[in-house]
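Numbering (my numbering), first residue to last: 62 to 350.
In structure tokens, the structure reads:
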């Protein structure tokens, strides 16, 4: 029985359809839960502090996410690459493709969130007349720094059909963001509570690496160390110190931003040559697969 030219209902494979449908639901679920974080953040900030803080947050978020988004777009080919590997190839893919991209993510995070900090300070202060947005920007760079590190193995899991697990991680992330932000605002009575967002992202990445450890038998801490995780941790600490200097001691934002630039030179100065490949990928069209 034919219903259309070239198509027979007897050729329809329900098993394949169910697998594809299940994967699609997982992808959509992870995407929806991921995009739900922003409105939840805005609601808690607006209700817990003041509506004006939503504006400060929104300005800071645009720049922090746009900065990391440029990297994600430049290296998005890891997803189609991962979708073609067999189960037994996952470990090699992780320790080569994913690890290399995690290394690049850490280097890129240092470049945009430490070295470029004086530029962002000038934008927030002179173009937006919002020094407070620069403070919030620093808190959000903690989140994006971890995201840049984890983008590679998150994309690998998505490409290898682990969308349902990632949807669960996004759900935990959404709940965690709401809880940490709410508690942070209640405890501090200020926007400092936004820093709780980074704790949730760290937890989410720990869960993902734990899942990978159980499926492909790798060491989470070896992966972190081999990717240059020590520099990521130091970067995290330096940005926290910069934020405290601004929030608690009211130092001049440009002095703090310049301090981050100097810290970047000391921390990543030996990696300057490695930035060539990253910058070339940022400014050329990505090839699929």
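Idealized CB from N, CA, C, for every residue including glycine.
By the CB criterion at 7 Å, residue 122 and residue 201 fall inside the cutoff. In this structure, the CA atom of residue 238 is about 34 Å from the CA atom of residue 335. When secondary structure is reduced to three states using DSSP, residue 305 falls in the helix class. The shortest CA-to-CA distance from residue 309 to any of 224, 217, 196, 91 is the one to 196. Look at residue 272 here: in three-state DSSP terms it is helix.
Residue 189 carries a coil assignment under DSSP once its states are collapsed to helix, strand and coil.
Proximity to residue 162 across 178, 213, 207 peaks at 213, based on C-alpha coordinates. Under the DSSP assignment, residue 234 falls in the alpha helix (DSSP H) whose first and last residues are 224-249. Judged by pairs of C-beta atoms under 8 Å, the stretch 126-142 does not touch the stretch 269-287, as fewer than three such pairs exist. When 290, 341, 301, 302 are compared, the shortest CA-CA separation from residue 329 is found for 290.
For a cut-off of 8 Å, the C-beta gap from residue 191 to residue 273 is around 40 Å, too long to register as a contact. With contacts defined by Cβ atoms closer than 7 Å, residue 217 and residue 143 form a contacting pair.
Bounds of any alpha helix (DSSP H) do not take in residue 184, whose DSSP letter is neither H nor E.
The shortest CA-to-CA distance from residue 223 to any of 270, 311, 343 is the one to 270. Residue 261 and residue 333 have their C-alpha atoms roughly 31 Å apart. Secondary structure note for residue 147: it is in no alpha helix (DSSP H), with a DSSP letter that is neither H nor E. Per DSSP, the unbroken alpha helix (DSSP H) holding residue 317 starts and ends at 314-329. Proximity of the stretch 245-253 to the stretch 167-176 falls short of the contact definition, fewer than three beta-carbon pairs being nearer than 8 Å.
Annotation: residue 288 to residue 88 spans about 27 Å, alpha carbon to alpha carbon. Secondary structure at residue 157: helix, using DSSP grouped into helix, strand and coil.
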